[in-house]
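A.B. asks: Residue numbers (the numbering used here): 171 to 373.
For glycine and all other residues, C-beta sits at the position ideal for the given N, C-alpha and C.
In this text, all values refer to a predicted model and were calculated from it rather than measured experimentally.
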């Protein structure tokens with residue numbers, strides 16, 4: 171049996187007296203698109219931040235056997251940097267800037283998400299949808315094989331929403347695992363598995 175790219179066991183987290191996650195267990199294998207659904211305040215974003223290593227659980231363990239890409243709800247961009255400068259900054263942060271391979275990857279993302287014309291535009295000049303395209307693309311520039319996404323398409327128009335799913339399917343076909351927090355009521359057929367989070371546990 172292949173080792174999962176993501177293995178989370180018995181994840182428990184409280185804030186004060188509020189128990190947010192109560193022994194949550196989750197695996198993600200190659201070629202899967204997993205959905206994590208639930209009401210606002212159910213703990214979905216907390217779970218994803220724990221999976222991404224940003225928040226420490228009170229109990230439990232997370233094992234990642236992959237290159238990780240993470241995109242949260244907020245697009246944390248630098249207002250005065252251009253789109254091109256963002257890509258270069260993140261390429262340096264991921265340690266891939268000294269290779270030439272990241273530039274074709276960048277160009278492919280720009281083309282598929284149709285914002286190549288903004289390459290020299292500063293982030294503060296971009297629309298909300300284009301900022302979200304950039305935010306997502308920066309999480310993919312190093313070609314991760316585990317991608318964790320928190321409401322990744324909230325600001326997308328319909329065409330970009332469909333492009334997002336084309337990209338998710340491409341990643342899946344290449345053996346990546348994609349974990350998405352979303353309100354997935356209308357998109358269940360796009361997921362390999364869906365986990366409903368309520369009262370700190372999966373149902």
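(1) Taking C-beta to C-beta, are residue 370 and residue 189 nearer than 8 Å?
(2) With H, G and I counted as helix, E and B as strand and the rest as coil, what does DSSP make of residue 228?
(3) Starting from the C-beta of residue 229, find all residues in its chain whose C-beta is less than 7 Å away, skip the five residues before and the five after it, and write them out in chain order.
(4) Quick check on the DSSP output: the alpha helix (DSSP H) that includes residue 273 runs from which residue to which?
(5) Check the C-beta distance from residue 248 over to residue 293 and give it rounded, since I have them as a contact under 8 Å.
(6) Hey, would you say residue 318 sits closer than 8 Å to residue 238, going by beta carbons?
(7) CB-CB under 6 Å to residue 222, same chain, minus the five flanking residues each way: which ones, in chain order?
(8) Which same chain residues, not among the five before or five after residue 303, have their C-beta less than 7 Å away from its C-beta?
(9) Could you please give the first and the last residue of the uninterrupted alpha helix (DSSP H) stretch that includes residue 330?
(10) Residue ranges of each beta strand (DSSP E) run of no fewer than 3 residues wholly in the region 177 to 261, ordered along the chain?
C.D. replies: According to the structure data:
(1) Position 200 of the chain shown, counted from the start, is the residue given in the question as residue 370. Position 19 of the chain shown, counted from the start, is the residue given in the question as residue 189. Contact flag set, yes.
(2) Walking along the chain shown from the start, residue 228 turns up at place 58. Correct three-state label for residue 228: coil.
(3) Counted from its first residue, the chain shown places residue 229 at position 59. Same-chain partners within the cutoff: 180 and 182.
(4) Along the chain shown, one-based indexing puts residue 273 at 103. Residues 272 to 282.
(5) Counting from one through the chain shown, the residue named residue 248 turns up at place 78. Counting from one through the chain shown, the residue named residue 293 turns up at place 123. Residue 248 to residue 293, Cβ: 6 Å. Contact.
(6) As a working note, residue 318 is residue 148 in the chain shown. As a working note, residue 238 is residue 68 in the chain shown. The answer is yes: Cβ separation under 8 Å.
(7) The count along the chain shown starts at 1 and reaches residue 222 at position 52. Within the same chain, residue 222 has close Cβ partners 240 and 318.
(8) Sequence index remark: in the chain shown, residue 303 carries index 133 (1-based). 283, 285 and 330.
(9) For the purposes of this step, residue 330 is taken as residue 160 along the chain shown, with counting starting at 1. 328 to 343 is the extent of the alpha helix (DSSP H) around residue 330.
(10) 188 to 198, 202 to 207, 229 to 234 and 238 to 241
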